[in-house]
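Novice: Pasting a structure here, questions to come.
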Amino acid sequence: MRPFHHHEHQHDQQHDAPAAPESFEISTGRLEAFSDGVFAIAITLLILDIRVPQGDGTLLHRLAQQWPSLGAYVISFLIIGMIWMNHHTMLFYIRRVDRPLMLFNLLLLMNVSFIPFPTHVLAEAMSTGHGEQTAAVFYGLTLTLGGIPFNAVWIYASAGHRHLGRTITPAQAAVMRKHFLMGPIMYLGATVVGLASAVASMTIFGVLLLFYMVEVLGSTSEQQHDLHSRSPVHRMTGLAEPPAEVGTSTDQPPAPQAAAPAVPGAPTAPAVHAAPAALPVPTAAAVPAAPAADTAVSGAGPAAAPPPGPPEAAQQPCPTCGRTAQVLALQR
Numbered sequence: 001m002r003p004f005h006h007h008e009h010q011h012d013q014q015h016d017a018p019a020a021p022e023s024f025e026i027s028t029g030r031l032e033a034f035s036d037g038v039f040a041i042a043i044t045l046l047i048l049d050i051r052v053p054q055g056d057g058t059l060l061h062r063l064a065q066q067w068p069s070l071g072a073y074v075i076s077f078l079i080i081g082m083i084w085m086n087h088h089t090m091l092f093y094i095r096r097v098d099r100p101l102m103l104f105n106l107l108l109l110m111n112v113s114f115i116p117f118p119t120h121v122l123a124e125a126m127s128t129g130h131g132e133q134t135a136a137v138f139y140g141l142t143l144t145l146g147g148i149p150f151n152a153v154w155i156y157a158s159a160g161h162r163h164l165g166r167t168i169t170p171a172q173a174a175v176m177r178k179h180f181l182m183g184p185i186m187y188l189g190a191t192v193v194g195l196a197s198a199v200a201s202m203t204i205f206g207v208l209l210l211f212y213m214v215e216v217l218g219s220t221s222e223q224q225h226d227l228h229s230r231s232p233v234h235r236m237t238g239l240a241e242p243p244a245e246v247g248t249s250t251d252q253p254p255a256p257q258a259a260a261p262a263v264p265g266a267p268t269a270p271a272v273h274a275a276p277a278a279l280p281v282p283t284a285a286a287v288p289a290a291p292a293a294d295t296a297v298s299g300a301g302p303a304a305a306p307p308p309g310p311p312e313a314a315q316q317p318c319p320t321c322g323r324t325a326q327v328l329a330l331q332r
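Heads up, the sequence shown is in the UniProt record's numbering, so the first residue is 1 and it goes up one at a time.
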């Protein structure tokens, strides 16, 4: 029988242990695609309330009677479009989506898809002249309550910066949080005005939309000043460009070495990669000076006359390898 080893028992326990549950996440692309579909359907349903006017009178008179439906359609269309633009901005910075974030987003989409109904109620009440204030309050409360799940998405995503990417700082996320919270507050103010006059309430909603459009166009024009000095991502978001990292390149060629000075009275030695030291040469007997010009063994042409005495080996470093080669100046 094979002996039992303790390490084998530990190995079996590791394989039998249940794996740790993984966190549930989906891609932001799927969430954005689903949300865009709901926005598109909701914004299309607004037109279904506008019909060809029937009755007596001229066509111009009958079209003029449709102004409540046309006005409610334009305001609701722009409001849904504004919500979609802010929703797109949020998802641009969000990099992780989990179940709580999906739930808040579903509540937001439920409110968006419900907007066509109070729009039709408001248009019908203003056309008939019955229940205008009630319809205006109902319309305003729908938009105000829609700001709750919208802000819940961003507050949850930006809490601790755990769902956001690196393209936005915590300080910038806090500024966006305050900006988004202003929407429900302004909608609530327009709703309170609807208790007195439905026309005044719709006018306030229209002014708020114009203010938002001017703000968006102004921020876009400011980004054009440094259009060429920013990356495409930071041109679109309006965030500051991070400073470029400056690194030391290691691919630069080494500085050239200074050439070794030439030895007077000796020709330049040829460049060699690994020249071994020359063997010592026995000293030759002194020879009287001759009128013939002295020449170097390894050079061509006349050489300067050396001082009287035995020939000496001139030390000259190699310009390539740095070693010393001996050049002998022989005197005939």
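Think of the CB as a built atom: it goes at the ideal place given N, C-alpha and C, for glycine as much as any other residue.
#1: Near Leu209, which residues of its chain fall below 8 Å by C-beta distance, leaving aside the five closest residues on each side in sequence?
#2: What's the C-alpha gap between Ala42 and Arg177?
#3: Just curious, the alpha helix (DSSP H) that Ala72 is in, first and last residue?
#4: Buried or exposed: which applies to Ala289, given that a residue is buried once 16 or more other Cβ atoms fall within 10 Å of its Cβ?
#5: Within the same chain, show all residues whose beta-carbon is closer than 7 Å to that of Tyr93, passing over the 5 residues directly before and after it, in chain order.
#6: Helix, strand or coil for Ile50, going by three-state DSSP, please let me know.
#7: Please classify Ser197 as buried or exposed, where buried requires at least 16 neighbouring CB atoms within 10 angstroms.
#8: Taking 8 Å as the threshold, find out whether the stretch 96-107 comes into contact with the stretch 52-61 through three or more Cβ pairs.
#9: Beta-carbon within less than 7 Å of Leu145's beta-carbon, same chain only, minus the 5 sequence neighbours each way: which residues are those?
#10: Does DSSP put Leu188 in a helix, in a strand, or in coil?
#11: Check each candidate in Ala40, Ile148, Gln172 and name the one with the smallest Cα separation from Met85.
#12: On the DSSP bridge list, what partners appear for Leu164?
#13: Does DSSP classify Ile148 as helix, strand or coil?
#14: Indicate whether the contact test is met: 3 or more Cβ pairs, each with one atom in the stretch 120-132 and one in the stretch 59-69, closer than 8 Å.
#15: State the start and end residues of the unbroken alpha helix (DSSP H) segment that holds Leu59.
#16: With which residues is Ile26 paired in a DSSP beta bridge?
#17: I'd like the list of long-range same chain contacts for Cys194, defined as Cβ closer than 7 Å, with 5 residues on each side in sequence excluded.
#18: For Ala33, count neighbouring Cβ atoms within 10 angstroms of its own Cβ and tell me buried if that reaches 16, exposed if not.
#19: If you run the structure through DSSP and keep just helix, strand and coil, what is Ser197?
Specialist: On the basis of the coordinates in this document:
#1: Locating residue 209 in the sequence shown gives position 209, counting from the first residue. Correct list, in chain order: Ile75, Leu78, Ile79, Met82.
#2: The residue labelled residue 42 in the question sits at position 42 within the sequence shown. The residue labelled residue 177 in the question sits at position 177 within the sequence shown. Distance between the alpha carbons of Ala42 and Arg177: 25 Å.
#3: Looking up residue 72 in the sequence shown gives position 72. In the DSSP assignment, Ala72 falls within the unbroken alpha helix (DSSP H) covering 67-93.
#4: The sequence position of residue 289 within the sequence shown is 289, counting from 1. Any reading at Ala289 needs caution, since the residue's pLDDT is 49, under 50, leaving its predicted position unreliable; the model's value is listed next. It counts as exposed.
#5: As a working mapping, residue 93 is identified with position 93 in the sequence shown. Within its own chain, the residues whose Cβ lies closer than 7 Å to the Cβ of Tyr93, once the five positions on either side in sequence are excluded, are Leu164, Gly165, Thr167, Ile168, listed in chain order.
#6: Looking up residue 50 in the sequence shown gives position 50. Ile50 carries a coil assignment under DSSP once its states are collapsed to helix, strand and coil.
#7: The residue given as residue 197 occupies position 197 in the sequence shown. Exposed: under 16 other Cβ atoms inside 10 Å.
#8: No: the two stretches stay apart, fewer than three of their Cβ pairs being nearer than 8 Å.
#9: The residue given as residue 145 occupies position 145 in the sequence shown. Once the five neighbours on either side are set aside, the close Cβ partners of Leu145 are Asn111.
#10: Position 188 of the sequence shown, counted from the start, is the residue given in the question as residue 188. Three-state result, Leu188: helix.
#11: Along the sequence shown, read from residue 1 onward, the residue named residue 85 stands at position 85. Considering only alpha carbons, the answer is Ala40.
#12: Start at 1 with the first residue of the sequence shown, and residue 164 comes out as number 164. Looking at the DSSP assignment, Leu164 forms a beta bridge with Ile94.
#13: On the sequence shown, residue 148 is found 148 positions in, with the first residue counted as 1. When secondary structure is reduced to three states using DSSP, Ile148 falls in the helix class.
#14: The stretch 120-132, when compared against the stretch 59-69, does touch it at the 8 Å Cβ threshold.
#15: Working through the sequence shown from its first residue, we reach residue 59 at position 59. Segment 59-64, the alpha helix (DSSP H) holding Leu59.
#16: Your numbering for residue 26 matches position 26 in the sequence shown. BP columns for Ile26 point to Val97.
#17: Within the sequence shown, the letter at position 194 stands for residue 194. Checking the sequence shown, residue 194 turns out to be Gly, not Cys. Once the five neighbours on either side are set aside, the close Cβ partners of Gly194 are Gln133, Ala136, Val137, Gly140, Ser201.
#18: Start at 1 with the first residue of the sequence shown, and residue 33 comes out as number 33. By the neighbour-count rule (16 or more Cβ atoms within 10 Å), Ala33 is not buried but exposed.
#19: Within the sequence shown, the letter at position 197 stands for residue 197. In the structure shown, Ser197 sits in coil (DSSP, three-state: anything other than H, G, I, E or B).
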